[in-house]
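Worksheet: one structure, shown below.
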Amino acid sequence: MSKKAVVLLSGGLDSLVSVAAANDFCKVELALTFNYSQLAADEEIEASGKIAEFYNIEHKVINLPFLAEITNCALGDSSKNLEFDKLDENSAKAVWVPNRNGLFLNIAASYADSLGFDYIIIGANKEEAGTFPDNSQEFLNRAEEAFKYSTLKKPKILAPLKELEKYEIINLATEKNAPLHLLKSCYNSKDRTGVKHCGKCESCRRLREAILKSVNKDLLNLFF
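Spelled out as structure tokens, the structure:
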């Protein structure tokens, strides 16, 4: 398999399953995990490291302290509420990090250009594209277009889950035998909640609802 890739690996469901799916058509050689002082940074880094080890991928942690300085949302502020009555534009806004995916993709593009990689893999998906515009295909197309000018390698962005809802991602993970027990899909830190997944933040809400609609409802016992 000659095509090589770098993946944005947060340790969550989408990035984990993206690695499992991408292995069908390219060799994922590098995983980048970003620390911008989010509440669950330590757990995300730990989970990402274990996932990278499982798939035999080199793992790098990129520290972005400046992003924490300009981020004013619940992801980095323990005094703000991470629990929501419903998942919509308001819940998305509450966990919005300025230009996060744009920044992460550009950093990954720098690595891809330097190392001669063909692809950048991101866990963008259909469900979250509805409330997070930087998960949309239009955004990914424009970012990829920019790389034609900003890099020599001109890496392509692959989003293996772009057509999938969350429950379909769970189904795909089950099909691919992805190591779901390794993931961390909670925005809260373990120190704050006492458990791996709080079950109340936006990410946990999406995960719970997806499991209930999936072919593997027993996963509820693994996370909640």
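First residue of the sequence shown: 0, per numbering that gives the first Met the number 0; consecutive thereafter.
Glycine included, C-beta positions come from ideal geometry on N, C-alpha and C.
From I119, G48, N124 and H180, residue whose alpha carbon lies closest to that of F146: I119
Inter-residue spacing [alpha-carbon to alpha-carbon] between L157 and D41: Each residue's Cα considered, the two are about 27 Å apart.
DSSP beta-bridge partners of Y118: A4 and K155
Counterpart residues of T32 in DSSP-defined beta bridges: Partner(s): V60.
C200, DSSP secondary structure in three states: strand
Pair within 7 Å by beta-carbon distance, L160 and N215: no
Interface flag, S1 vs chain B, CB-CB below 7 Å: No chain B appears in this structure, which consists of one protein chain only.
Inter-residue spacing [alpha-carbon to alpha-carbon] between Q224 and I169: The structure shown has nothing for residue 224, since the chain only spans 0 to 223.
Three or more C-beta pairs below 8 Å linking the region 9-22 and the region 39-59: yes
Three-state class that DSSP yields for K165 in the structure shown: helix
K189 - DSSP class collapsed to helix/strand/coil: helix
Contacting residues, own chain, Cβ-Cβ under 6 Å from E28 (five flanking each side not counted): K3
Bridge partner(s) assigned by DSSP for V27: A4
F146, enclosing alpha helix (DSSP H) - first and last residue: Q136 to S149
Residue from G10, P178, K195 and K152 with nearest C-alpha to A111: K152
Rounded separation between N100 and D133 - CA only: When rounded, the distance between both Cα atoms is 6 Å.
Minimum C-alpha distance to L139 - residue among L102, L171 and L114: L102
A30 to K59 span [Cα, whole Å]: 6 Å
Residue of D217, I56, A39 and V94 minimising C-alpha distance to V6: For V6, the nearest C-alpha among the options comes from I56.
Beta-carbon spacing of A177, T150 below 7 Å: No.
Cβ separation of R191 and L38, assumed to be a contact under 8 Å, to the nearest whole Å: 7 Å
L12 vs S184 beta-carbon contact at 7 Å: yes
Per-residue DSSP class, three states only, for N22: coil
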